[in-house]
Structures are given as structure tokens and as C-alpha cells.
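In UniProt numbering, the protein residues as written are 1 to 396.
From the three backbone atoms N, C-alpha and C, an ideal C-beta is built for every residue, glycine too.
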Ligand SMILES: [Zn+2]
């Protein structure tokens with residue numbers, strides 16, 4: 001390895017203790033006191049490494065290592081420092097601390113670097129009141145106007161501050177993000193590194209089946225317009241069909257019945273249908289297919305409305321090749337694969353070349369205190385990131 005794995009892992013574990021509650025997992029949402037302590041920890045480590053540190057108007061932190069050619073735009077590498085409630089230690093911080101380790105390695109070993117290297121710690125990736133990837137969307141200038149001043153004030157921000165977080169034009173060469181996979185793909189195949197080709201888009205639809213609420217004791221079975229029964233039949237037919245395809249995934253994670261009493265035939269069933277795919281056209285096709293299944297339910301009135309639409313994102317081919325080359329150089333197995341979860345690389349891909357590196361998640365588990373990646377996988381990922389940064393520096 002070109003990095004110092006012991007130093008990197010020690011820092012990552014130290015950061016992982018900030019906000020950690022035994023038995024509960026991580027308590028480090030953006031804008032919380034523990035988050036502030038974590039950012040200070042990263043800031044101190046950046047300064048120790050000789051990086052020039054800035055914090056922007058939303059709380060993103062950046063540490064810059066100069067390159068040999070000051071006229072070139074910067075290579076950014078990082079991820080987020082906040083965590084979901086009860087989450088793990090590595091979702092986010094891995095990418096920030098690995099980028100820092102890359103900068104330290106390049107500086108200490110005087111490895112040739114033409115572009116400046118900026119280590120980025122984004123805030124508010126995991127959602128909450130401001131929505132997911134908040135810090136990186138602010139940086140990418142993707143937040144919508146008018147800004148919600150009251151909401152921002154509750155976390156100590158101002159619309160002016162948020163606007164000022166937008167990156168200046170032409171100053172970014174590319175963005176790399178190392179992240180735990182959060183799925184079982186790599187572990188099942190016994191492959192060390194995943195190279196995401198894209199980040200799946202997400203479509204969500206509010207679906208409603210409306211029948212008639214009635215007495216559950218006196219209404220004959222054949223005369224019922226039971227919204228629950230219709231929904232159950234619909235979804236069982238639907239999920240039997242979805243198993244025949246592997247270019248999308250779909251989920252019904254929210255489901256409610258009305259009036260919702262044990263002795264009343266449900267008059268209404270509401271649920272959210274979520275579809276994810278690497279191709280926007282597939283998401284649309286699948287939604288149309290679902291509608292055709294829905295329209296077969298003749299005993300109820302039906303409604304289906306889009307509520308969320310986030311397009312799929314392609315990751316940069318040159319950066320994928322840079323990661324692949326880094327893996328070959330380090331004799332580490334790799335595979336190209338989709339990313340089923342959203343990341344800061346998503347907004348970043350809208351303003352620059354973006355590339356990701358995945359390392360295995362034990363059991364595919366994430367957003368849980370059980371999240372785990374073996375130390376050798378963490379260090380290997382950090383080493384590949386450092387090599388990929390150098391490879392991109394040569395190619396861009
Ligand atoms: Zn994450």
C-alpha cells in the first residue's frame with residue numbers, strides 16, 4: 001500500500017467514537033453538538049497534515065493540498081460526516097478520512113501532483129429537514145430558490161450563507177468518493193473493490209385504491225369492495241412479475257388502511273410505490289407497467305400520482321478507468337457495478353466528472369449500528385482512492 005493503513009484506521013476509529021452510543025449506534029446528525037465535535041476533529045487532522053482549511057456557509061469543510069500547477073482546477077475527494085440515527089461509523093466518514101490519508105501520503109512522500117487536491121467533508125447527506133445530500137447540493141448550486149429562511153435559521157444557517165456555499169465556476173477538475181457499498185454485491189462475489197458506473201434514479205408514486213368501508217360481520221364476502229383485498233391481490237401479482245427483471249428494483253415501504261379498524265372492511269388503501277433504476281427510461285416503463293396492473297382492479301377506484309422524481313446519474317468513464325487502473329496496479333480485484341443508494345457524488349456529477357469506489361459491507365447491512373467493513377477492506381479502499389487520485393491527476 002502507498003498509504004499508511006495503521007494511521008488511517010486509527011483516525012477513522014477515533015472519529016467513529018464521536019457520537020457513538022453503545023448499544024444504540026451513531027448519534028451524529030448534521031448540525032448537532034456531536035457533529036460539531038466531529039468536524040473539529042477532522043479540521044485538526046487536516047491542519048496537522050498541512051492542509052489549508054475552510055468551512056463554507058452550510059458547514060461543509062474543505063482542506064486543500066496545493067498542486068505543482070496553480071493554474072489547474074482542483075481534484076476533490078471526500079464524502080459526508082453526518083450519520084443516520086442509530087447508524088454506523090463508516091457510512092460517510094470513510095470517504096473523508098481516506099481522502100485526507102491520500103493528501104497526507106502525497107505530501108509526505110512528495111508524490112507528483114499537478115492539480116490541487118481538496119479533501120471535502122460534506123454536511124447533511126443523510127436527509128432530515130433539509131433533504132438528502134444537502135451540503136453537496138448547496139456546493140453544487142442545486143438548492144431551489146426561494147430558500148426556506150425559517151427552516152435554515154433553526155439549524156443556524158442563513159439564505160445568504162447557503163448561497164455563498166456554491167462552488168465557483170471552473171475550479172473543479174473532478175470528484176472522487178470512497179464509500180461502503182451498503183449492499184451485498186461485493187461480499188457475495190468475494191471482490192474487494194466496486195467501481196460504480198452510475199447512481200440509480202428514484203421515482204415514487206402515491207397509489208390509492210378506494211372501495212367501500214362496511215361492517216366486517218354483516219357484509220357478505222362477494223358484495224364487499226375491500227380495498228385491502230384488492231391491494232393485496234394487486235401487489236402479489238406485481239411482485240411476481242418484478243422478479244422476472246433485474247434492471248430495476250421496487251419497494252412498497254409505506255402502506256395504510258382506512259378507516260383502519262378491526263371490524264370494518266377497509267374502504268381505502270394508500271401506499272407509496274418506489275422504483276429505482278440506472279435508466280430513467282426504465283423507471284418510466286416500470287411505472288407504466290404498474291399502472292396497467294392497477295387498472296385491472298375493477299372493484300375499486302384507483303389513483304396513482306408521482307410524488308418524487310430524481311433522475312439516474314452516470315458516473316464518469318475516465319474516473320472509472322482511473323480506479324480500475326489503480327486496482328490493477330495494487331493487484332486488487334474489482335468489478336463495475338451500479339450504486340443503488342444516493343451519495344454526494346450524485347449532485348457533484350451534475351457539475352463535474354464524478355467517480356466512486358465501493359468497499360464491501362459485511363452482510364450488505366447499512367444504516368444500522370451493525371454496519372461493518374473489515375479493516376483490511378477499509379484500508380484497501382483508501383489505498384485505491386489515493387492511487388486513483390494520482391492516476392486522474394496524470395490523465396486530466
Ligand atoms: Zn453515505
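Give me whichever residues DSSP pairs with residue i in a beta bridge.
i	result
residue 400	There is no way to answer for residue 400, as the model of the chain reaches only from 1 to 396.
residue 302	209
residue 339	199
residue 314	198
residue 121	61, 79
residue 353	174
residue 214	265
residue 87	26
residue 74	172
residue 358	179, 194
residue 21	25
residue 270	208, 256
So is the beta-carbon of residue i under 7 Å away from any non-hydrogen atom of ligand 1?
i	result
residue 370	no
residue 445	What is shown of the chain runs 1 to 396, which leaves residue 445 out entirely.
residue 340	no
residue 125	yes
residue 92	yes
residue 258	no
residue 215	no
residue 179	yes
residue 115	no
In the structure shown, what three-state DSSP assignment does residue i receive?
i	result
residue 11	helix
residue 130	coil
residue 395	helix
residue 242	helix
residue 140	coil
residue 54	strand
residue 251	strand
residue 2	coil
residue 276	strand
residue 234	helix
residue 256	strand
residue 387	helix
residue 42	helix
According to the Cβ coordinates, are residue i and residue j closer than 8 Å?
i	j	result
residue 434	residue 337	This structure cannot speak to residue 434, because the chain is shown only from 1 to 396.
residue 117	residue 106	yes
residue 166	residue 138	yes
residue 248	residue 388	no
residue 383	residue 1	yes
residue 42	residue 81	yes
residue 348	residue 140	yes
residue 135	residue 126	no
residue 25	residue 368	yes
residue 199	residue 362	no
residue 254	residue 272	yes
residue 28	residue 18	yes
residue 91	residue 371	yes
residue 315	residue 354	yes
residue 162	residue 57	yes
Give a yes or no on whether 8 Å exceeds the smallest Cβ distance from residue i to chain D.
i	result
residue 154	In the displayed structure, chain D is absent; only one protein chain is listed.
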